[in-house]
Amino acid sequence: MPFRAVGRHDQARGVGSRAGARSAQCRGAGRARRCAPCRGRRRGRAAGLRPGARHRARFGRYRAKAGRAADFLARYSIGAGASWQVVAPAKVFGPLSLNVDARYDNFADADVTSIQPWLQGYLLDGRLGLSARWVHAEDDIGTRADGYVLRADLAVTPHVNLFGGYADAPEISDGTLVPTRTVFGGLSVDVSDPLTLRASIAHEQRPTFDRSIFGLGLTARF
C-alpha cells in the first residue's frame, strides 16, 4: 500500500522541505487557511509516528515541550489505545490480538490527529511475533496521509530478542505530515533481571533527504 497524501498543494514539492517558502496564496492568511507546505519549516529532527509495537493497551499520554530547542515537537500530546485478544494461545500459534491507538498533537501552527489500527500475532510457541499497522493522520486544514508499518520480533533466546521491519507512513515534523519510508532493525539483551541493553538502526528516505539513525540505550526496571 503506497503512501498517499492529499492537500492544497503537491506534497512532493512542499511537505518536508527544510525551508519552505510561503506561497502568495498564504501570505497574510491565518492559521486555519495556511497550507501544509507553508508550515513545513523544519526547526529540528522529526518527531511523531515512529515504527514500533506494543503488547498491551495504553491509555493517556501528555507531553510538554520546554525551550526553543524543542520547537519542532508538539506543545502537548494526548494518546489512548486498546487491545482485544481475538484468538487464544495454542501449542504452536500464539495469541492473536486486534489493537487500536489514537493520538492528538498540538503544535504552534497546526493540530494533527492520528489513528492506528493494527493486528499482532505470534508463532513458534510465542517466539515469533508479527504485526501489521495502518497509519492515518490528518491535520486541522484537512490534509490527510495514510501508510503502514510491518514489524517482526524474534526471541532468539530467553534473554536475546531481535526485531526488524519496514514502514511507508507519514512522519509528523513541526505539525507537517512528511511522507517517509523506513527500514529498521535492532536487538535487545537482558543483561540482568532489571537491566536491558537495546541497540537499533534505521534508514529513512524523505522527499528532501535520506538519513540513517543509530540508537543505543539501557533500560532499568524497578
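Numbering (numbering that gives the first Met the number 0), first residue to last: 0 to 221. The beta-carbon is built from N, C-alpha and C at its ideal position, and this holds for glycine as well.
Taking the CA atoms as reference points, F162 sits about 24 Å from G78. One thing to note: Y147 has its Cβ within 8 Å of the Cβ of R132. A87 is not bridged by DSSP to any residue. Residue environment for V177: buried (at least 16 other C-beta atoms within 10 angstroms of its C-beta).
Per the Cβ contact rule, the stretch 192-211 is not in contact with the stretch 111-130 (fewer than 3 Cβ pairs under 8 Å). With respect to the 8 Å criterion, S76 and N98 are not classified as neighbours on the basis of their beta carbons. Looking at the DSSP output, P178 bridges to P169. G125 is not a Cβ neighbour of D100, given a cutoff of 8 Å. Residue state for V190 is assigned as coil, using DSSP reduced to three classes.
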